[in-house]
Amino acid sequence: MRGRSGFLQDMEQNGFTLQYMFDHYPFLPEERELGLHTVRRVRPDFSWQYQHRNGHYSLPLIAECYDQLKKEIPSFPRLPFTANELRQMFKKQLAMEEAGFVTVESVKVSRSVNPDTASQRKGRIEHLRSHWRKELLLAFRDAKSKINPRRANHFGTSIYPFLQLLPEEDYIDIMIMVMTTLPPNGEAMIVFAKDLGRKVQSRFCIKRKQKLGITALVTKVYDHYVELLASDGKVHNKFPREYWQELERDLLHWYAYGHQDVNWSDATTMQLGTFLANIMVSGMNIPKNAKNPLQQRLIPAVYHTYNYQSKRKIGFIKPHPMLTQILESDQNSSLIFDAFVMPTYCPPVPWTSPTFGGYIVVPTQLIRMEEGITKQRDLLDHCKEEDPSKLHVILDTVNQLGNCPWHINEEVLDVIISLFNSGGSTQLGVPPPPSAGPILPKYDPTGKTGIADRTAYNNDMRLARKTLFEMHSLHMDAEYKLSIANALRHRTFWFPHNIDFRGRSYSCPPHFNHIGSDTTRSLLQFAEGQPLGPNGFDWLKIHLVNLMGRNKCESLSERLRYANAHMEDILDSADRPLEGHRWWMKSDEPWQTLACCKEIAKAVRSPDPAAFISHLPVHQDGSCNGLQHYAALGRDVVGAASVNLIPHELPQDVYEVVAQKVEQHRLRDAANGLQIAQVLEGFINRKVVKQTVMTVVYGVTRYGARLQVEKRLDELEDFPKAHVWKASIYLSRGIFHSLKEMFASTREIQEWLTESARLISMAGYSVEWISPVGLPIIQPYHHIKYTNLKSGIQTVSVCNMDMQQKPHTMKQKNAFPPNFIHSLDSTHMMLTALNCYRKGLTFVSIHDCFWTHAKTVDIMNQVCREQFVALHSQPILENLSKFLLRKHSGLLPEKTKERERHLKLLDVLTRVPKKGDFRLQQVMDSVYFFS
1 MRGRSGFLQD MEQNGFTLQY MFDHYPFLPE ERELGLHTVR RVRPDFSWQY
51 QHRNGHYSLP LIAECYDQLK KEIPSFPRLP FTANELRQMF KKQLAMEEAG
101 FVTVESVKVS RSVNPDTASQ RKGRIEHLRS HWRKELLLAF RDAKSKINPR
151 RANHFGTSIY PFLQLLPEED YIDIMIMVMT TLPPNGEAMI VFAKDLGRKV
201 QSRFCIKRKQ KLGITALVTK VYDHYVELLA SDGKVHNKFP REYWQELERD
251 LLHWYAYGHQ DVNWSDATTM QLGTFLANIM VSGMNIPKNA KNPLQQRLIP
301 AVYHTYNYQS KRKIGFIKPH PMLTQILESD QNSSLIFDAF VMPTYCPPVP
351 WTSPTFGGYI VVPTQLIRME EGITKQRDLL DHCKEEDPSK LHVILDTVNQ
401 LGNCPWHINE EVLDVIISLF NSGGSTQLGV PPPPSAGPIL PKYDPTGKTG
451 IADRTAYNND MRLARKTLFE MHSLHMDAEY KLSIANALRH RTFWFPHNID
501 FRGRSYSCPP HFNHIGSDTT RSLLQFAEGQ PLGPNGFDWL KIHLVNLMGR
551 NKCESLSERL RYANAHMEDI LDSADRPLEG HRWWMKSDEP WQTLACCKEI
601 AKAVRSPDPA AFISHLPVHQ DGSCNGLQHY AALGRDVVGA ASVNLIPHEL
651 PQDVYEVVAQ KVEQHRLRDA ANGLQIAQVL EGFINRKVVK QTVMTVVYGV
701 TRYGARLQVE KRLDELEDFP KAHVWKASIY LSRGIFHSLK EMFASTREIQ
751 EWLTESARLI SMAGYSVEWI SPVGLPIIQP YHHIKYTNLK SGIQTVSVCN
801 MDMQQKPHTM KQKNAFPPNF IHSLDSTHMM LTALNCYRKG LTFVSIHDCF
851 WTHAKTVDIM NQVCREQFVA LHSQPILENL SKFLLRKHSG LLPEKTKERE
901 RHLKLLDVLT RVPKKGDFRL QQVMDSVYFF S
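In full-length UniProt numbering, the protein residues as written are 1 to 931.
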């Protein structure tokens, strides 16, 4: 008894109270009751009740947003499902996550076989699976028995405990699943091993949650949570995060956000993966004669080899060609995906902390971070403990984006699948099969050939193999996406979201989502439709013209006139996409254009277009959004006018303006006799300069800019290839010079940010800041140490991303300006998302491209402008300066050189760039700010 009492006294003397311990430690309900029972044996009068802390919204932007939400009853969007329907969807999703994978039928048309042949093939693959299970189990036990459980390796850990976490059969299942999904060209050993290790970690986390009862607790809360989302729900005026936490407190007296999945180091994951990869290479065999699986002679099913990539020797795990042939003919055209690859069948579990949310049991993090980057996670934990409200905007925004329900556009999907199975189309972004690729050159060893002939043959073979490999990768990627979309027909589904370290949002499912290519985006439509209303039909037509990529400098009314003039082409495209005039194929975004043509055709043919229920997302893009933020930060009048922060009758096209300035310089140089300027006559246009203008604001180097321009010039059929290199140097310099003339304040701000980051990193610190909505950010660029991990088949280099390593000065200084701007555009998106949510709008985003229904575009644009003005009305650069000064104005270093550098840093941080005369309120009247 005295020992327990003394322990409690020591704990309290060190600043930890019992109340704090029970509030913050992630006890499960049973563990908490046991702890309370033990404490009360020493202190019978102790009672505990969770002290719910919503915190106060200290940041002005946050306070204003949430104060408005509390003053009015918001019309939060409801889902078109009853509570019971949502509960059934949850059960399906949970079953898929607990299984760990899902099987999807491929859309690829395979040769039909008679039932007897199909039965024989199915029996053959089942026999092989049974054979592999026996082989792998014996090999797994043998390899495990050779490990000394008490001996740590040079990473300081033993792999043995990680081989005891799951039943042996689970390790075997994972190896067989990975093997059956291995591409014919194989996988780099380091990627293959990491994938194996992470699959084991994921399976362990899922089973651990089942064993500890966490899965049951989450299920109980979700059963009530659907009342907030359902069409017949009775709960109102609450954010999903807020309501979930109330349910945890009221139903369970427990908070899931305290629970964290077990994080394994990159080294541990790699060790485990290489261990299993070794077993697969040595323990998996197939019969040499595929038609006679009972034949005794066996050959390895997978093998290890080396390839050269960019003069580097890369280890690969490859399937034997016989295995590929067996699987392709015997698997009935089915594809196997990890559960997290698929969109969810129910609304995502709301994020309530950086470690809880998204999926039901699949381990997921709110912030995408490299392994070993723990500092930002520590900063987030500090925010959670100090003031939970600091993260509410981030959590609520990610929840709002993930709660948008989706449907498949089946009409467009049918057209794409038809084209995919009939040879594809490079022009339309549907990759042709590898069979349409180059034929491998033949070499005659008996012929009389010289060194030059053999060299030419080797080069031709290398290029042909490279082309075939790329074609196979693109074709399989398209097959995966189309097959997932096909499996989601007639379903409603959701995309759980998370963010990167700067706050930019992403969909968790990696293959199929709205952030993908034109093809993928065209397949997605909102599950819940809205009537077009008085202006929605016009916005559909304007959206179509925007997708076409034409009329960029025309007014909205002129774009509308263009759409009306081409109504016959629109209807023909909708009715006969592959047989008609195929007008839609001329678009910059052909598949999204086709989807829009079909939506317009339905609206035109409806009795009342204003009453037509539209499901098509309409996009509004920022006008070179990075430059918009720079112009607002510097109150730059010229820059603001160039990127549509100032109202104009016609949209200002910064890319066209830059192209014109570069052309003016070219004319002068050509007149002075400069040959490359003369060669470029007639070739400088908007398309050539656009990518470089877009990326200069995000820190592209002169070398990177030259490569971008070179690629654009290569695409011009008439441009002389012999002059591409010199022309790309000339043009990239001209673009940089023109931008410097146009955006003087932008360059000044960029230089201030760059110099600040250089001095901070040279002092031994990573650059940190806090976004205007409270997200703590730290740049994860450090000098990397590599440690060699020896395995039976290959030595693998494991990188150590330890934040204690010295910051990488070059990366820190080059990345700070673009990362800071990204943190601002993510802030603008979050504020817009929450205020649209408050007004009952459907809203999703792809960074600086905002989507909503045609009916609500005007409302979204108004909110978008309001929040941009609200954001930049804050003293953003001044706040950054104050934060960095507080961070780095400690004791001066003793050494003279370091002292001088430190004083210079403090001096630079105080010299905030001056502002111009641009009036921020002008944004409110700018129609083309986002358009």
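Each residue gets a CB set at the ideal place from its N, CA and C atoms; glycine is no exception.
Small disclaimer: the values here were computed from a predicted structure and weren't measured.
Q. What's the gap between the Cα of P875 and the Cα of I600?
A. 45 Å
Any contact between the segment 502-515 and the segment 557-572? By contact I mean 3 or more CB pairs, one from each, below 8 Å. no
| request: Look at the alpha carbon of Y257 and the alpha carbon of F356, and state the distance between them as a whole number of angstroms. | output: For Y257, the predicted structure reports a pLDDT of 49, less than 50, and the residue's modelled location is therefore unreliable. A value from the coordinates is still provided. If I take the Cα positions, the gap works out to 5 Å.
### Task
Go to T787, then tell me how far its beta strand (DSSP E) extends in each direction, as first and last residue.
K785 to K790
Do you know how far the Cα of Y703 is from the Cα of T695?
12 Å
| request: To the nearest angstrom, report how far apart V679 and E717 are at their CA atoms. | output: 14 Å
**Request:** Per DSSP, which residues does A139 bridge with? Please list them.
**Result:** DSSP, once it has assigned bridges, lists no residue as partnering A139.
Q.
Since H828 and L871 should fall inside the 8 Å C-beta cutoff, what is the C-beta to C-beta distance between them, to a whole number of angstroms?
A. 5 Å
- Query: Among the residues of its own chain, which have a CB less than 8 Å from the CB of Y306, if the five just before and after it don't count?
  - Reply: K313, I314, G315 and F316
- Which runs of the alpha helix (DSSP H) spanning at least 4 residues fall entirely within the segment 708-794, listed in chain order? 724-742 and 744-762
key: Integer-rounded CB distance, given that R712 should sit under 8 Å from K687   = 6 Å
Considering only DSSP beta bridges, list what V796 is partnered with.
L789
task = Give me the Cα-Cα distance between M830 and V393, rounded to the nearest whole angstrom.
result = 7 Å
Do three or more CB pairs link the segment 158-168 to the segment 137-148 at distances below 8 Å?
-> yes
Notebook entry, point to check: Around the C-beta of residue 935, are 16 or more other C-beta atoms found within 10 angstroms, so that it is buried, or is it exposed?
Noted result: Nothing can be reported for residue 935, as the shown portion of the chain is limited to 1 through 931.
Checklist entry - In chain order, what residues of the same chain have a beta carbon less than 6 Å from the beta carbon of E618, not counting five sequence neighbours either side? => result In the sequence under discussion, the amino acid at residue 618 is Val, which differs from the Glu named in the question. W539, H543, A854 and V857.
- request: Identify every run of the alpha helix (DSSP H) within the segment 321-387, keeping only runs that are complete inside it and at least 4 residues long; order them along the chain.
  value: 321-330 and 375-386
Inset, instruction - Closer than 7 Å by C-beta to P77: which residues in its own chain qualify, once you throw out the five before and the five after it? Chain order, please. - result: G840 and T842
Opening and closing residue of the beta strand (DSSP E) in which L212 lies
Here L212 belongs to no beta strand (DSSP E); instead the alpha helix (DSSP H) covers M189 to L212.
task: Could you check what DSSP says for P431 in three-state terms: helix, strand or coil?
output: coil
For this session: With a 10 Å radius around its C-beta and 16 neighbouring C-beta atoms as the bar for buried, classify P509 as buried or exposed.
Result: buried
ask   = According to DSSP, which residues form a beta bridge with C849?
value = D621 and I846
field: Q88 - containing alpha helix (DSSP H), residue span
entry: A83 to A99
Taking the Cβ atom as the reference point for each residue, do G529 and A610 lie within a distance shorter than 9 Å? no
### Message
Determine, for P577, whether the minimum Cβ-Cβ distance to residues of chain B falls below 9 Å.
### Response
Protein chains in the displayed structure number just one, and chain B is not present.
Check: By Cβ distance, which residues of its chain are closer than 8 Å to V869, with the 5 residues on each side in sequence left out?
Finding: L920, Q921, V923 and M924
Inset, instruction - Classify Y257 as helix, strand or coil using the three-state DSSP reduction. - result: Its pLDDT being 49, under 50, Y257 is placed unreliably by the model, and the measurement read from it follows with that caveat. Three-state DSSP puts Y257 in a helix.
Report task. Locate the alpha helix (DSSP H) running through Y655, then write down its first and last residues. Result -> V654 to A671
Discussion item. Suppose you measure from the CA of G890 to the CA of C596; what does that come to, to the nearest Å?
Written reply: 59 Å
Answer yes or no: do T344 and W494 have a C-beta to C-beta separation smaller than 9 Å?
yes
ask   = Any idea which residues DSSP pairs R312 with across the strands?
value = Q309
### Message
Classify M810: buried if its beta carbon has 16 or more other beta carbons within 10 angstroms, exposed otherwise.
### Response
exposed
Next on the checklist: Here's a check: name, in chain order, each residue in its chain whose Cβ is nearer than 7 Å to the Cβ of H497, leaving out the five neighbours to either side.
Outcome noted: V398, L401, G402, S505, Y506, S507 and C508
> Do L909 and S756 have their C-beta atoms closer together than 9 Å?
Replying inline: yes
| Quick one: what does DSSP say Q19 is sitting in, helix, strand or coil? | helix
query = Residues in its own chain within less than 8 Å of L251 by CB, not counting five upstream and five downstream?
reply = K220, V221 and H224
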